[in-house]
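J.: The structure's right below; bear with me while I get my questions together.
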Amino acid sequence: MKFNEKLRYLMEERNITQKLAAEDLHIAPSTMSGYVRGVSEPDFETLKTIAEYFGVTVDFLLDTQSNGSESSAEEGLLKTFREMTPQQQATFVELGKTFVRVSRENFKKNKSQ
Numbered sequence: 005m006k007f008n009e010k011l012r013y014l015m016e017e018r019n020i021t022q023k024l025a026a027e028d029l030h031i032a033p034s035t036m037s038g039y040v041r042g043v044s045e046p047d048f049e050t051l052k053t054i055a056e057y058f059g060v061t062v063d064f065l066l067d068t069q070s071n072g073s074e075s076s077a078e079e080g081l082l083k084t085f086r087e088m089t090p091q092q093q094a095t096f097v098e099l100g101k102t103f104v105r106v107s108r109e110n111f112k113k114n115k116s117q
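Start counting the sequence shown at 5; every next residue gets the next number (the working numbering).
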């Protein structure tokens, strides 16, 4: 997915208008429009600010994850995670870690029987 598509996706996901994002990021609405339409791209500092604003990584915005494209399940998980408060995110991560640990323990237990 291209930068402008990721940006549009994040804005739609959060119900944020171009105007509001531009105001919050202290950039001109016409500049934000250029980013969303794909006719221009932000400089490095603005890119980092956009990533911080949406709570994502620059790698996500630039689609440079080393593991390739995300599955639809991963995209759904990320969407759900991003809609949570920071406290909910921390709890969700801990629950996920517990789930993986218990699953591994059960696997090892079943394998040894």
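Glycine residues also receive a C-beta, built at the ideal position from the N, C-alpha and C atoms.
With respect to the alpha helix (DSSP H) encompassing V40, which residues constitute its N-terminal and C-terminal limits?
T.: 33 to 41
J.: I'd like to check one pair, G42 with K6: are the Cβ atoms closer than 9 Å?
T.: yes
J.: Please list, in chain order, all residues of the same chain as E17 whose beta carbon is under 8 Å from its beta carbon, the five residues on each side excluded.
T.: K83, R86, E87
J.: Hey, how far is the Cα of E98 from the Cα of V104?
T.: 10 Å
J.: Would the beta-carbon of V62 fall within 9 Å of that of L51?
T.: yes
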